[in-house]
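Heads up, the numbering used here is the position in the sequence shown plus 65, with the first residue counted as 1. Even for Gly, the Cβ is constructed at its ideal location relative to N, Cα and C. Since this is a predicted model, take the numbers as computed values, not measurements.
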Amino acid sequence: MTGMASMNLVPSLGEARALARSYDVVPLYAEFIGDLETPISAVLRFAEEDTVFLLESAESAERFGRYSFLGFDPKRTLSYRNGLYTVVDADGVREVPAKDPFRGLAEIVGKKSVAPLPNLPAFVGGAVGYFSYDAVRYLERLPNAPEDDL
66 MTGMASMNLV PSLGEARALA RSYDVVPLYA EFIGDLETPI SAVLRFAEED
116 TVFLLESAES AERFGRYSFL GFDPKRTLSY RNGLYTVVDA DGVREVPAKD
166 PFRGLAEIVG KKSVAPLPNL PAFVGGAVGY FSYDAVRYLE RLPNAPEDDL
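Pasting the structure below:
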């Protein structure tokens with residue numbers, strides 16, 4: 066992106082090192098004028114990547130959302146099927162049994178402390194994903210489980 070080389074990262078290196086003594090994760094960010102860049106055009110810059118996502122904040126009263134989160138090249142991916150999580154990361158592929166996909170996810174992902182920084186949204190990175198429509202069956206008792214068509 067134009068002007069990226071002259072960006073100032075926040076917090077500074079010294080501030081980030083100090084925060085890293087107390088927190089597992091220290092968010093780094095930079096602001097830049099994006100009048101020639103849209104979230105979609107930014108995603109298109111990563112079209113060659115295997116995995117890319119774009120999350121946009123939803124503002125009902127405004128034409129545009131406040132934040133756009135773009136991510137690619139995940140450190141780890143997880144998928145759940147038939148009581149097993151399949152975890153793919155730098156260590157390879159492994160299966161983790163989990164009767165409840167929500168509890169299993171919490172156990173696999175764990176919890177990290179994130180340094181709070183002013184002017185940032187509540188979500189500054191971490192686990193991103195979705196549950197399928199059928200995942201509601203782990204939250205509510207519903208009759209007639211559909212036939213697995215995958």
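DSSP three-state assignment for residue i, whether helix, strand or coil
i: T67; result: Reliability fails at T67, whose pLDDT of 48 lies under 50, so the model's placement of it is uncertain and no value is given.
i: P162; result: strand
i: V117; result: strand
i: V193; result: coil
i: L143; result: strand
i: A85; result: helix
i: R206; result: coil
i: G169; result: helix
i: D199; result: helix
i: E80; result: helix
Reference residue i, options the options, closest by Cα
i: Y150; options: E80, F167 and L215; result: F167
i: F188; options: P76, V91, E80 and V158; result: V91
i: R131; options: G99, R141 and A180; result: G99
i: E160; options: L207, T142, G191 and Y203; result: T142
i: V158; options: Y195, L207, S144 and L215; result: S144
i: V75; options: Y94, K164 and R82; result: Y94
i: D154; options: K164, P139 and Y195; result: P139
i: D199; options: P186, D213 and A112; result: D213
Residue i - partner residues in DSSP beta bridges
i: V179; result: V90
i: G157; result: D154
i: V75; result: Y94
Close-in-space but distant-in-sequence residues of the same chain around residue i (CB under 6 Å, 5 per side omitted)
i: L119; result: P104, V108 and L135
i: T67; result: In this prediction, T67 scores a pLDDT of 48, lower than 50, which makes its location untrustworthy; no coordinate-derived value is stated.
i: L84; result: V91 and A180
Host beta strand (DSSP E) of residue i (start-end)
i: G148; result: Neither: G148 is in no beta strand (DSSP E) and is coded neither H nor E.
Opening and closing residue of the alpha helix (DSSP H) in which residue i lies
i: L109; result: P104 to L109
i: G136; result: Looking at the DSSP string, G136 is not in any alpha helix (DSSP H); the run it does join, the beta strand (DSSP E), is S133 to F137.
Spatial neighbours of residue i in its chain, beta-carbon cut-off 8 Å, leaving aside the 5 residues before and after
i: V152; result: R141, T142, L143, V158, R159, E160, V161 and I173
i: V201; result: L207
Neighbourhood of residue i by C-beta distance below 7 Å, restricted to the same chain and skipping five residues each side
i: G148; result: P162, A163 and K164
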